[in-house]
Each structure stands twice: as structure tokens, then as C-alpha cells.
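**Student:**
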Amino acid sequence: MSDNTPSREHWSGALGFILAAAGSAIGLGNIWKFPYITGENGGGAFVLVYLLCIAVIGAPVMICEFTLGRRTQRNPVGAFKALAPKTSVLAHIVGAGVLLAGLFLLLFQSWGWGAVLVGLGLIIFRYGWTTVGAMGVLAGFTILSFYSVVAGWTLGYVWKAAVGQLDFATVDAAKDYFVEFTFNPYWAVGCHFVFVVLCVLIVYRGIKSGIERWSKILMPVLLLILLALIIRSLTLPGAMEGVRFYLTPDFSKINTGTVLTALGHAFFSLSLGMGAMITYGSYISREENLFTSTLSVVALDTLIALMAGLAIFPAVFAQGFQPDAGPGLVFQVLPTVFHQIPLGAFWAFLFFLLLLIAALTSGISLLEVVTAYFVDERGWKRHHAAVVFGGAIFLLGALCAVSVGGISDWTRLETLHEVLLKVFGSTKASFFDTMDNLSTNWFLPLGGLFISVFVGWVWGTKHALDEIRHGSRNFGDVHLVSLLAGLRDDPSHSSGVHALTLASLWGIFIRFISPVAVLIAFLHTIGWLNLTPQAAPAPEPPPIEEAQ
Ligand code: PHE
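In the working numbering, each number is its position in the sequence shown, counted from 1, plus 34.
1. What's the C-alpha gap between Tyr314 and Ile259?
2. With a Cβ-Cβ cutoff of 8 Å, do Ser46 and Lys242 count as a contact?
3. Beta-carbon separation of Met308 and Ala56 under 8 Å?
4. Which residue from Leu363, Phe159, Ser330 puts its Cα closest to that of Thr72?
5. Quick one: does the C-beta of Ile177 sit closer than 7 Å to a heavy atom of the ligand PHE?
6. In angstroms, rounded to a whole number, what distance separates the CA positions of Ile346 and Ser473?
7. Just to confirm my understanding: we take Ala48, look at its own chain, exclude 5 residues before and 5 after, and list those with CB closer than 6 Å. What are they?
8. Any residue with its Cβ nearer than 6 Å to a heavy atom of the ligand PHE should be included. What is that list in chain order?
9. In chain order, what residues of the same chain lie with their CB nearer than 6 Å to the CB of Gly148, ignoring the 5 residues before and after it?
10. Between Gly78 and the rest of its own chain, which residues show a CB-CB distance below 7 Å, the 5 nearest in sequence each way excluded?
11. Assess contact between the segment 151-167 and the segment 393-402, defined as three or more Cβ pairs (one per stretch) separated by less than 8 Å. Is contact present?
12. Should the segment 488-503 be regarded as contacting the segment 97-110, the criterion being three or more beta carbon pairs within less than 8 Å?
13. Taking DSSP's pairing of strands, which residues face Thr535 in a bridge?
14. Quick check on the burial criterion: 16 or more other C-beta atoms within 10 angstroms. Buried or exposed for Ser442?
15. Tell me which same chain residues have a C-beta within less than 6 Å of the C-beta of Tyr317, skipping the five on either side of it?
16. Cutting at 6 Å between CB atoms, please list the residues of its own chain near Ala93, excluding the five before and the five after it.
17. Does Asp615 pass the burial test, meaning 16 or more other C-beta atoms within 10 Å, or should it be called exposed?
18. Let me make sure I understand the geometry here. Which of Phe488, Phe546, Arg545 has the alpha-carbon closest to that of Leu117?
19. With distance defined between alpha-carbon atoms, name the residue in Ala222, Leu480, Pro348 nearest to Leu268.
20. If you reduce the DSSP assignment to three classes, tell me which class Ser442 lands in.
21. With a cut-off of 8 Å on the beta carbons, I'd call Leu536 and Leu514 a contact; round off their distance for me.
22. Count the other CB atoms within 10 Å of the CB of Met311; is the residue buried (16 or more) or exposed (fewer)?
23. Whose C-beta lies closer than 6 Å to the C-beta of Asn109 among residues of the same chain, with five residues either side of it excluded?
24. In its own chain, which residues sit with a C-beta less than 6 Å from the C-beta of Lys250, not counting the 5 before and 5 after it?
25. Within this structure, are the beta carbons of Ala426 and Ala222 separated by less than 8 Å?
26. Between Trp193, Leu263, Gly378, Val192, which lies nearest to Ala203 when the distance is taken from Cα to Cα?
27. In whole angstroms, what separates the C-alpha of Gly224 from that of Ser437?
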């Protein structure tokens, strides 16, 4: 295994790395999704559950990803290839299981899924653990394809706000405008195109002068804009009612479904489960402290998510609107809110710019996963890989963009859609929803599950700890109780006897708690395990179109 390959570019230091990783984590998930799911799921009570998920599952899995990346200095596929044993019984069992399930489906004439599962089973059989890395690269495509469509809408709204067109007296008018905008293929595809071009331009420049440089510029700008918006929002008369709605804990809304929503969102928001953090980890040098870096990234991500709610809800309440618009809140209610505030167009411009910046630093991390794979494993030049796969993602995303709205004008696509429906026999979800569902409900949880099983049981927490120790000695040696008591340096507390250290706690989380929790969440989301029989159905957020 290559160790710090001399030709591999690295972050210039801890700050650059932390800002880039936080840039990946902080995205539409924080500013668009977190506030509305918090509002819907019990406010402060939901925040507590979310923090617990982050601490017990999110942060431990993030350390695993950084460690895999730094150890191997490779993209997700290369990382698994380097560390996985030649033959793995577990991989064979999973492969055989998937193969059988596929044959079973074929027997019942479910041709599309049957064929997919048979193929997948054979791949797992042949490539073993490397399949997990490959799934991450694939997820890079599927996530970015729908993510960049929403980012494109944001970009369009920045422009519309700048030219003063985002000015609506009623929510209905704003809704009509949003539908018209997203249904117009020229706007939807055009903005999506510009967004992908921005991602390609940054990834094209490489790690230091591309991703790191832009993260260092954009993340502080994001924070400043957010602060300005919060101050504006909180100083509106009646703002406190919004704060109360957002943060007052309502424990009656906490049920299994809420916990699973929090867990799923923790994965998405921290960019876990698809190798983005493995890839970013592969550009870290051996001196960096993986533990404190993880804490910083997780803290920044959570802070920005909480702050986004403080920018949104007080303004919504102060202007007398309902906070329950769900996914449509940002595009449909907020423009109307801004309309009633002095200098509204300016604030609307700032808000959508904020959303755009957040989406951009996440978009580049998704494209980087794909790019790094083709550079490391296939020997492509970075420039070529960024442009070619940016192009491919643009095409896939264009299908998502038109599937939301104007598909009926595109007869060929309509036919393609029908064929897909026939083969896969799914419900008539749009291509956009299919990509979203596939990534968020399948690829990320499965990826997270296999990453923790791999580090916990296959590669082994001991090897992982050896890697984490570089740059972070304390992690393996500090007695947790001493740390909490503030006695870390007291000689009597570092006797070296077996004790509860941070590392042992992490190992337990990774081997037992995360795999079980993620597996339960996954089975629940795909409907194989119903944990909330009589209560409301699992509150997976409704697809975007429903809000129209
Ligand atoms: N974390 C990003 C967000 O919150 C989305 C993302 C997921 C980015 C997975 C990269 C990988 O919007």
C-alpha cells in the first residue's frame, strides 16, 4: 500500500481540510431540510435526538471514513481494494444472498429488479468489499444529479432576486412562480448546467488551489451571510414566536419514526456513507489530528443547521405565515416573507446566495469522489475526469430536472420513463424522486453500514486505531473518565491499565451500535420492518413536487 504517495496532493493544513470537509457537510441538507424537519418533528426535542445520533453514530463513522482515506491515500474503491482481505466469507455470504434474492425475483417475473440483483450479487461475489467503494462512486453520480437540480433552482432564484423578479404579495403567487420556473426546461436545465460548470471548474483546479481555496473563501462568506440574516430575522417584531416554535421541545412528537428521520438526516448532512469523507481523508497528512478534525466538522455542520432555522422561522412567524410548508418553505414561502420586509429583494438575494454557496461546496465534494476514482484507479488526468464526469452528471441531472416538470413536452423521455416503469414495475415516481430515493434511502445507509462493519470487524479497530494515533495520541491513551474530570495529565490517570478510553468507546460504537442502528433504520425505510404500527407512517420527507 502506498503511504503518502509523493505525487498525491494534500491539504495545506488542518484549517484547509476542516473547512473543505465542513463545506461538504454543510449543504442544502442544513439550510433547506434541517429547519423544516425540525419544525415538523418536535422542535427542540428533535434537535436533542439529532445530536444524539450525531454523537453516537455520525462522528464515529466519520472518523472511520477519514481513517480509511488517510491510511490508503486513495479514493473509496482504492481504499477498500487496499485493505480488504483477498477472500472474505462475509462478502461471499452477502453476495450469495443478493444473488438468491435476484433469482427469486426473476422467478416472480420482476425482471428489472431481478436482473439488477443477480448482477449485483455476482459483482459482490467477484469484487467483495471493493463493491462498497464502487457504490460510493455510483452514489456520487446519483446524488449530484438531483442535488445540482435543486442547486440550479437556487442559482436561478439568486438571479431572479438580483433583477427584482422575486417579489410576491401572496404565497399562492410565489407558488405559481416556482412551478412555472421549475417546469420551464430552459431555466431548470440551464441553471443546472451553470451549477455543474461551477463544480467542474473548482474540481478541475485540484485540491489546494481548487477545493481548499474556494472552501476557504466561501465558508466564511456563508457564515457572515447567515449571521446577517439571523440578525435581520430576530429583530423583526414578533420574531420570538418563531424561535419558540422552532426550539421548544415537544417530546410528544418523538417516536421511532422521528428517531429514524434524525438518523437518516445525520448521515446525509454529514456526507457519510458514500466515501466523500474517505476521499477528503485521503488528502490529509499524517500529522493532522483526525479526532479533533472530526469534532470540528461535526460541530460546524450542526451549528450551521441550527442557525439556518434561526434565520428562517422568526421571519416566517413575524410576517404571519405558517411554518409547515415542508420542502416548499424555502422556495415558496420565503420569497413572500421577504416581500414584506424593507429591502426585501436584497435579503432574498442574500438568502439564495447562502443556499447556493452551501450547495456548491457540497457539490464539489460529490464530483471529487467520482474524479478521484478515475484519477487513482483508471489513470485519467484530473482535468479530463472532472470535465467528462461533470458532463455525464449534467446529462443525468437534466433528466431529473425535466422529470420534475415539463416531461410531457418531451415525448422521447416520456417513452423512456414508461419503459423504466414497465421494467422496474415501480410506482410512478419521477426520475428526480427515484434518484433521491435511491441515494438517500439505499446507497447512504448501506454504505454507512458496510463502512462500520468493515472497520469494526474486517480491517479491525486495532489497525484503524494505529492510523488514528498518528497526530492524535490522546485518542487511544486517554482515560475517558480522566478526560471528563479534567485530569488528563495527572500521572495517576495514565497508568496504562485497560480502561475506558475514547478509542474503546469509539470501537464499541463502530462494532455494535452503528451497524445495528443503521440496519434497523434501513429496514424500516424500505418497509421491511414496521416499527410504528399504529402511529403515523415514517415521516420521510415528501418529495419536492408535492409542495407545488
Ligand atoms: N452533506 C450535504 C448536505 O447536507 C449533502 C451530501 C451528501 C454531500 C453526501 C456529499 C455527500 O447537503
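For every residue, glycine included, the Cβ atom is placed at its ideal position computed from N, Cα and C.
**Tutor:** For this structure:
1. 26 Å
2. yes
3. no
4. Leu363
5. yes
6. 27 Å
7. Glu322
8. Ser58, Ala59, Gly61, Leu62, Gly63, Asn64, Ile177, Phe302, Ser303, Ser305, Met308, Ala310, Ser396, Ser399, Leu400
9. Gly136, Leu139, Leu140
10. Leu281, Thr282, Pro283
11. no
12. yes
13. His513
14. Bear in mind that the predicted position of Ser442 carries a pLDDT of just 49, short of 50, making it unreliable; the figure below should be weighed with that in mind. So Ser442 counts as exposed.
15. His44, Trp45, Ile241
16. Thr328, Val332
17. The first residue shown for the chain is 35 and the last is 582, placing residue 615 beyond what the model contains.
18. Phe488
19. Pro348
20. Note that Ser442 has pLDDT 49, beneath the 50 cutoff, so the model's placement of it is unreliable and no number is given.
21. 6 Å
22. buried
23. Thr313, Ala406, Tyr407, Asp410
24. Leu53
25. no
26. Gly378
27. 15 Å
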